[in-house]
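J.: If you count by the working numbering, then the sequence shown holds residues 4 to 321, one letter each, in order. Cβ atoms here follow ideal geometry from the backbone N, Cα and C, with glycine treated the same way. Below is a structure I'd like to ask you about.
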Amino acid sequence: MSDERWVWGVGLATTAEDGTVLDAWYPSPEIGHIPLGFDPAMPPDELERLAVPDARRAVSIDIVAVEIDVEAAPTSTADAYLRLHALSHRLFAPNEINLDGIFGHLPTVAWTNAGPMHPDTLTRLRPFLVREGIQVQGLDKFPRLLDYVSPPGVRIADASRVRLGAYLSPGTTVMHEGFVNFNAGTLGQSMVEGRISQGVVVGDGSDIGGGASIMGTLSGGGTHKVSVGARTLLGANAGIGISLGDDCIVEAGLYVTAGSKVVLADEPRHPDGTPATVKGAQLSGQNGVLFRRNSLTGAIEAVRRAGVGVTLNEALHA
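The structure is reproduced here in structure tokens:
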């Protein structure tokens, strides 16, 4: 069995009083198997110093060593967190790791500026937390990326907008209103001012405009994993439910889904004078397409285009 489908890591797991494992942090996960002769009872000194309980949050912190097969489904909270770390450490790209059933292994956690804690404990200890200056930042299954991983060469304006498990390539900038979910991200330099949903990948040199949205497959969505090619622009407040190839542009404010009726504006009309029309799904993934809305008829139009779709400001993404 190839070592390339295995990941291992040594880190710290946080456990609540009732035995619920709240999270696990792996500072340096690696591809492969745990080395022969490695003794989890003899952890790195820096981890051993941190493996102490925190009475303020009523949690214990223990050293954990985990090895996983990324092609198999998650089996525990510590396993699930190692998968999210492997994505954010850029060991695997989105959709290369089996995440089936991951929600069942991620408990809902009260995320505070002092670390995770059990929601029931939060309610009970709230007055003491206030006295200690501990504030709640969220109640969710997924934590913020920057609380666990600091991807080199990346800018993130608002830490709350990027989840652990996001894959961000060097040169990526996520602005204040940008959002990147787990198992999603960028494959090169990109400007992210809109939403990149779970399973979505954005190619090198592309720009996701302010307020733009890319459909994911969670919460009753379809099964198609949307992707955005290189040098492609998704305009402000636009959205897509289909994939875009390289050098494409979607006009600001326009939403194109698989079922959208799209007029092929530069194709010959039918003999009866009606324009050639297809569903958006038939244009999914094609290169060099401009999607726009006809300001007179309101119809969505697709026009073939040549040249580069967008050129990012090199100074912003160096």
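For ALA76, which residues from the same chain have a beta carbon less than 7 Å from its beta carbon, with the 5 sequence-adjacent residues on both sides left out?
T.: These residues qualify, in order along the chain: ASN101, ASP103, GLY104.
J.: Does the stretch 241-254 come within contact of the stretch 290-299, defined as at least 3 CB pairs closer than 8 Å?
T.: A contact exists between the stretch 241-254 and the stretch 290-299.
J.: Can you give the Cα-Cα distance for MET4 and GLU135, rounded to whole angstroms?
T.: Note that MET4 scores 48 on pLDDT, short of 50, meaning its location in the model is unreliable; the coordinates nonetheless yield the value given after this. Cα-Cα distance, rounded: 50 Å.
J.: Alpha carbons only, please: which of PRO56, LEU90, VAL195, THR235 is nearest the one belonging to PRO30?
T.: Selected option, being the one with the closest Cα: LEU90.
J.: Measuring CA to CA, which of VAL229, THR111, SER287, PRO173 is closest to ARG198?
T.: Of the listed residues, the one whose Cα sits closest to ARG198 is VAL229.
J.: Please confirm if ALA61 has its CB atom under 8 Å from at least one CB of chain B.
T.: Any reference to chain B falls outside this structure, which holds one protein chain only.
J.: Go to ASP123, then tell me how far its beta strand (DSSP E) extends in each direction, as first and last residue.
T.: Looking at the DSSP string, ASP123 is not in any beta strand (DSSP E); the run it does join, the alpha helix (DSSP H), is 122-135.
J.: On the DSSP bridge list, what partners appear for ILE66?
T.: According to DSSP, which records beta bridges pairwise, ILE66 is partnered with LEU15.
J.: From the DSSP output, which residues share a beta bridge with TYR151?
T.: Answer is none; TYR151 lacks a bridge partner.
J.: Are GLN192 and GLY208 closer than 8 Å when you measure CB to CB?
T.: Yes.
J.: So what does DSSP say about TYR84, is it helix, strand or coil?
T.: Note: TYR84 maps to helix in three-state DSSP.
J.: Give the single residue among SER79, GLY14, LYS144, LYS264 whose Cα lies nearest to the Cα of ARG52.
T.: Out of SER79, GLY14, LYS144, LYS264, GLY14 has the C-alpha closest to the C-alpha of ARG52.
J.: GLY107 by DSSP, collapsed to three states: which one?
T.: If DSSP states are grouped into helix, strand and coil, GLY107 belongs with the helices.
J.: Got a sec? Which residues, its chain only, sit under 7 Å from GLY223 by beta carbon, not counting five neighbours each side?
T.: Residue confidence for GLY223 is low, a pLDDT of 48 falling below 50, so the modelled location carries little weight and cannot support an answer.
J.: What residue does the alpha helix (DSSP H) around GLU49 start on, and which one ends it?
T.: Residues 48-53.
J.: If you draw a straight line from the C-alpha of GLU304 to the C-alpha of GLY206, how long is it?
T.: Whole-angstrom Cα-Cα distance: 24 Å.
J.: Please determine, among LEU142, ILE137, THR175, the residue with the shortest C-alpha to C-alpha distance to PRO154.
T.: Considering only alpha carbons, the answer is THR175.
J.: Please return the same chain residues whose Cβ sits closer than 6 Å to the Cβ of GLY244, not counting the five positions on each side in sequence.
T.: Hits under 6 Å: MET218, THR260, ALA261.
J.: Enumerate in chain order the residues of its own chain whose CB-to-CB distance from LEU109 is below 6 Å, with the five nearest sequence positions on each side excluded.
T.: Cβ neighbours of LEU109 beyond the five flanking positions: ALA83, LYS144.
J.: Here's the rule I'm using: 16 or more other beta-carbon atoms within 10 Å means buried, otherwise exposed. How should ASN297 be labelled?
T.: ASN297 is exposed by the Cβ-count criterion.
J.: Could you check the C-alpha separation between VAL306 and ASP269 for me, to the nearest Å?
T.: Answer to the nearest angstrom: the Cα atoms are 6 Å apart.
J.: Alpha carbon to alpha carbon, how far is ASN116 from GLN138? Give it in angstroms, no decimals.
T.: When rounded, the distance between both Cα atoms is 6 Å.
J.: Return the residue from the list ASP249, THR78, THR226 that minimises the CA-CA distance to LEU237.
T.: If we check each option's Cα against that of LEU237, ASP249 comes out closest.
J.: Between ASP210, GLU20, TYR170, TYR258, which lies nearest to ASP57 when the distance is taken from Cα to Cα?
T.: Cα-wise, what sits closest to ASP57 is GLU20.
J.: List the residues that DSSP assigns as beta-bridge partners of ASP57.
T.: Per DSSP, VAL62.
J.: Who are the near neighbours of THR189 in its chain, counting only those whose CB is closer than 6 Å to its CB and skipping five residues on each side?
T.: LEU171, SER172, THR175, VAL205, listed in sequence order.
J.: From GLN285 to LEU315, what distance separates their C-alpha atoms?
T.: The alpha-carbon atoms of GLN285 and LEU315 are separated by roughly 28 Å.
J.: Out of LEU247, TYR258, GLY168, VAL62, which one is the CA nearest neighbour of ALA96?
T.: Of LEU247, TYR258, GLY168, VAL62, the residue nearest in Cα terms is GLY168.
J.: Taking the C-alpha atoms as reference points, what is the distance between HIS179 and GLY40?
T.: Cα to Cα, the separation comes out at about 46 Å.
J.: So the beta strand (DSSP E) LEU25 belongs to, where does it begin and stop?
T.: Looking at the DSSP string, the run of the beta strand (DSSP E) that includes LEU25 is 24-28.
J.: Is GLU20 helix, strand or coil by DSSP?
T.: Three-state result, GLU20: coil.
J.: Between PHE131 and ILE64, what straight-line distance do the alpha-carbon atoms span, to the nearest angstrom?
T.: Near 20 Å, if we compare the C-alpha coordinates of ILE64 and PHE131.
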